[in-house]
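J.: In our numbering, the protein residues as written are 735 to 951.
Just so you know, even glycine gets a beta-carbon here, dropped at the ideal spot from N, CA and C.
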Ligand code: CA
């Protein structure tokens, strides 16, 4: 899942980003509203975590603009103010969810997963093909009941491939959804990770390479 985090308190932003990356999410961070709009225009995010009280362009205006652009990303607003009026205003602007500060990282993660499932096509909470199952909430990937012992990137890749339900996924799309903008676009990290993922999945093989196009399950 690819997340854009918009939060002007840099230390808080970096702490949240670290926590989300530990959960296997690809996270880009910006510290003001204008940068948020610029990033959202060039990258496909599953969820945008948007602090409400932002410098340069206020979070409410960012939200309004994202909704006007008909962005595919789901929007989760963060705010220091937890009154019902604030909540109603945020949702009125078109946000999909709302989380008052302070919050537990665990709750943010749970809400992001729920929103991610609602993004684009609804994805079932547990993904499976044949005897392989992947449960993002439990961070568990098993084949015939055996834990595959995947790294975070392998897990993220398998999640994207399973969610595509047989559609071919390009290496570029995998790089964008599983790594973040700091990933080197010329890297062979996708190819290498597919190799280790295949080895762990074992036989019979499930991931097919479509030469020049990408991968599919
Ligand atoms: Ca703020």
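1) Could you tell me which uninterrupted beta strand (DSSP E) segments, each at least 3 residues in length, are contained entirely in the region 881-945, listed from first to last along the chain?
2) Tell me which residues share the same chain as residue 758 and place their Cβ nearer than 6 Å to its Cβ, disregarding the 5 neighbours each side in the sequence.
3) With a CB to CB cut of under 6 Å and the five nearest residues on each side skipped, what residues in its chain are close to residue 741?
4) Could you give the first and the last residue of the continuous beta strand (DSSP E) run that contains residue 780?
5) Following a CB-centred definition, is residue 787 positioned closer than 7 Å to any heavy atom of ligand 1?
6) Could you give the first and the last residue of the continuous alpha helix (DSSP H) run that contains residue 879?
7) Counting pairs of Cβ atoms below 8 Å between the region 898-915 and the region 754-768, do you hit three or more?
8) Roughly how many angstroms lie between the CA atoms of residue 876 and residue 941, to the nearest whole one?
9) With hydrogens ignored, establish whether the beta-carbon of residue 742 is closer than 7 Å to any heavy atom of ligand 1.
10) Taking residue 863 as the reference, give the member of 950, 833, 744 with the closest Cα.
11) Classify residue 860 as helix, strand or coil using the three-state DSSP reduction.
12) Compute the distance between the beta-carbons of residue 773 and residue 827, then report whether it is under 8 Å.
13) I'd like the span of the beta strand (DSSP E) that includes residue 761, first residue to last.
14) Assuming residue 781 contacts residue 842 under a Cβ cut-off of 8 Å, what Cβ separation, rounded to an integer in Å, is found between them?
15) Give me the Cα-Cα distance between residue 908 and residue 799, rounded to the nearest whole angstrom.
16) Pick from 804, 807, 795: whose alpha carbon is nearest that of residue 823?
17) State the beta-bridge partners of residue 746 as determined by DSSP.
T.: The answer reads as follows:
1) List check, beta strand (DSSP E) in window: 942-944.
2) Excluding sequence neighbours, residue 758 sits near 886, 889, 890.
3) Short of 6 Å from the beta carbon of residue 741, and not among the five residues preceding or following it, lie these beta carbons of its own chain, in chain order: 747, 785.
4) First-last for residue 780: undefined, no H or E at that position.
5) Checking every heavy atom of ligand 1 against the Cβ of residue 787, one is found closer than 7 Å.
6) Here residue 879 belongs to no alpha helix (DSSP H), and DSSP marks it neither H nor E.
7) Yes: at least three Cβ pairs fall under 8 Å.
8) Here the C-alpha atom of residue 876 lies approximately 15 Å from the C-alpha atom of residue 941.
9) Yes, the beta carbon of residue 742 sits closer than 7 Å to at least one heavy atom of ligand 1.
10) Closest by alpha carbon: 950.
11) Residue state, collapsed to three classes: coil.
12) No, the Cβ-Cβ distance between residue 773 and residue 827 is not below 8 Å.
13) Looking at the DSSP string, the run of the beta strand (DSSP E) that includes residue 761 is 760-764.
14) That pair is no contact at about 10 Å.
15) Straight-line Cα distance between these residues: approximately 27 Å.
16) For the residues 804, 807, 795, the minimum Cα distance to residue 823 belongs to 795.
17) According to DSSP, residue 746 bridges with nothing at all.
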